[in-house]
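Per numbering that gives the first Met the number 0, the sequence shown starts with residue 0, numbered consecutively.
The beta-carbon is built from N, C-alpha and C at its ideal position, and this holds for glycine as well.
Everything on this sheet refers to the single structure shown next.
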Amino acid sequence: MFRKNQDETAFWPSLTDLILAVLLLVLILWAVDAGMRSVWDSSFPRLQPGQIAINKTDLDKRPELDPNKILVKKTDWDKRVELKSDELIVKITDWERRVEIGPDMVSVKKADWDKRIELKEGEVVMRDAPMVIPLEEASGYAFDPGHGDLPAGFGDRLKQDIVPKIEKMVKDYPIEVMEIIGHTDGTPKSGTSNFDATLNGFEFGPSSPDVIGKLNAGSNADLGLARALSVASFLTSVFAKSESPELQALVCRAYSGAQLISPSSNLVQGAKNEDDPSRRRIELRFTRKSRPESKKPSGIAE
Numbered sequence: 000m001f002r003k004n005q006d007e008t009a010f011w012p013s014l015t016d017l018i019l020a021v022l023l024l025v026l027i028l029w030a031v032d033a034g035m036r037s038v039w040d041s042s043f044p045r046l047q048p049g050q051i052a053i054n055k056t057d058l059d060k061r062p063e064l065d066p067n068k069i070l071v072k073k074t075d076w077d078k079r080v081e082l083k084s085d086e087l088i089v090k091i092t093d094w095e096r097r098v099e100i101g102p103d104m105v106s107v108k109k110a111d112w113d114k115r116i117e118l119k120e121g122e123v124v125m126r127d128a129p130m131v132i133p134l135e136e137a138s139g140y141a142f143d144p145g146h147g148d149l150p151a152g153f154g155d156r157l158k159q160d161i162v163p164k165i166e167k168m169v170k171d172y173p174i175e176v177m178e179i180i181g182h183t184d185g186t187p188k189s190g191t192s193n194f195d196a197t198l199n200g201f202e203f204g205p206s207s208p209d210v211i212g213k214l215n216a217g218s219n220a221d222l223g224l225a226r227a228l229s230v231a232s233f234l235t236s237v238f239a240k241s242e243s244p245e246l247q248a249l250v251c252r253a254y255s256g257a258q259l260i261s262p263s264s265n266l267v268q269g270a271k272n273e274d275d276p277s278r279r280r281i282e283l284r285f286t287r288k289s290r291p292e293s294k295k296p297s298g299i300a301e
């Protein structure tokens, strides 16, 4: 019995030592593993999402830029110029071909300059042919069929669209006379003319519209003259009230072209007795009062 009790007593300390030895071994192994992991992680760090592995030398060559900076080559930076807001870069050859133009100068072709004429003080260049402003029926300047009185709205259009053009012409050119020519188509006109008696002593003035309103046209020649007189009478009254001395001095002369002259200023050939709106028109022609035939004034172009 004593022997059995002695063996049981020795068994438990041995078991405890064994467990302690195992635990110590586990701790040693854990410590070794942790140390190895630390050494491994320091030598071979793990990448996090969004990271890449690069050489340290490469990292040293990559400076961190501000958002408002860019990288350029040193040679490119050395060739830079600082431009102001009103400057630009041009080629030397282009700059050397430049000319400095003053505020009162223009650039023209040499051939055009060679064709110039030198004008004296107060002279301008005019064509030999008179300048013309057509008042075409197709453009809205229409008379009532067979009548010479100005229809409603005709005068307003003249004041708004035509008078400013006339004023510019007489200011730009030495114009003294405006000829108002009435043209008709070939539609036959019948009736008894009273032009000879009614126009006796006629002159432009406040009473001229009343006189024109009493005219009876017996032909296209009469009708063209009546319409020319209506336009001339209206424009004369406008010019008299104008502040422009050139318009006030402009002489108005009324004529009839009847059905004889085409819009191209050629004589109508053959019988053309049809209704043709393109031939019904008033022409305003601008000329001088007189011009010497022996010698053309300087500045008059051929």
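Check whether P133 and E282 have beta carbons under 7 Å apart:
Walking along the sequence shown from the start, residue 133 turns up at place 134. Walking along the sequence shown from the start, residue 282 turns up at place 283. Taking 7 Å as the Cβ cut-off, P133 and E282 qualify as a contacting pair.
Is DSSP giving F285 helix, strand or coil here?
On the sequence shown, position 286 is the one that residue 285 refers to. Residue state, collapsed to three classes: strand.
Same chain only: Cβ atoms within 6 Å of D221, ignoring 5 sequence neighbours per side
Reading the sequence shown from its first residue, position 222 is the one you call residue 221. The answer, listed in chain order, is S192, F194.
Assigned exposure category for Q268 - 16 Cβ within 10 Å defines buried:
Numbered from its first residue, the sequence shown carries residue 268 at position 269. The residue in question, Q268, is exposed, as its Cβ has fewer than 16 Cβ neighbours within 10 Å.
Measuring CA to CA, which of A239, Q258, V230, D274 is closest to Y140?
Within the sequence shown, numbered from 1, the residue matching residue 140 stands at position 141. Closest option to Y140, Cα to Cα, is V230.
Which residue's Cα is closest to the Cα of D275: P187, I179, D103?
Looking up residue 275 in the sequence shown gives position 276. Looking at the Cα atoms, P187 is the closest of the given residues.
With DSSP as the reference, label G298 as helix, strand or coil.
In the sequence shown, counting from the first residue as 1, residue 298 sits at position 299. Residue placement at G298 cannot be trusted, given a pLDDT of 41 that sits under 50; the coordinates are not used to answer.
In its own chain, which residues sit with a C-beta less than 8 Å from the C-beta of K164, not counting the 5 before and 5 after it?
Translated into the one-based positions of the sequence shown, residue 164 becomes position 165. Only I132 meet the Cβ criterion.
Buried or exposed for M177, please, with buried defined as at least 16 other CB atoms from any protein chain shown within 10 angstroms of its CB.
Mapped onto the sequence shown, residue 177 falls at position 178. Classification of M177: buried, given that the 10 Å Cβ count is 16 or more.
State the start and end residues of the unbroken beta strand (DSSP E) segment that holds P135.
Within the sequence shown, numbered from 1, the residue matching residue 135 stands at position 136. It is worth fixing the name first, because residue 135 is Glu in this sequence and not Pro. From DSSP, the beta strand (DSSP E) with E135 extends over 130-135.
For L266, the residue or residues it bridges with in DSSP
Position 267 of the sequence shown holds residue 266. For L266, which the question treats as bridged, DSSP gives the partners I260.
How should G223 be labelled, buried or exposed, when 16 other C-beta atoms within 10 angstroms of its C-beta is the threshold for buried?
Here residue 223 refers to the residue found at position 224 of the sequence shown. With 16 or more other Cβ atoms within 10 Å, it is buried.
Coarse secondary structure for L19, derived from DSSP in three states:
Within the sequence shown, the letter at position 20 stands for residue 19. DSSP places L19 in helix when its eight states are reduced to three.
Which residues does DSSP list as the beta-bridge partners of Y254?
Taking the first residue of the sequence shown as 1, we reach residue 254 at position 255. The partner list for Y254 (beta bridge, DSSP) reads I180.
Are there 16 or more other CB atoms within 10 angstroms of the CB of S293, so buried, or fewer, so exposed?
Your numbering for residue 293 matches position 294 in the sequence shown. For S293, the predicted structure reports a pLDDT of 42, less than 50, and the residue's modelled location is therefore unreliable. The matter cannot be settled from this model.
Looking at the structure shown, is P12 part of a helix, part of a strand, or coil, going by DSSP?
Taking the first residue of the sequence shown as position 1, residue 12 is located at position 13. It is helical.
Quick one: what's got a C-beta closer than 7 Å to S277's C-beta in the same chain, skipping five residues either side?
What you label residue 277 is simply residue 278 of the sequence shown in a count that begins at 1. Counting only Cβ-Cβ distances below 7 Å, and skipping sequence neighbours, we find A137, P262.
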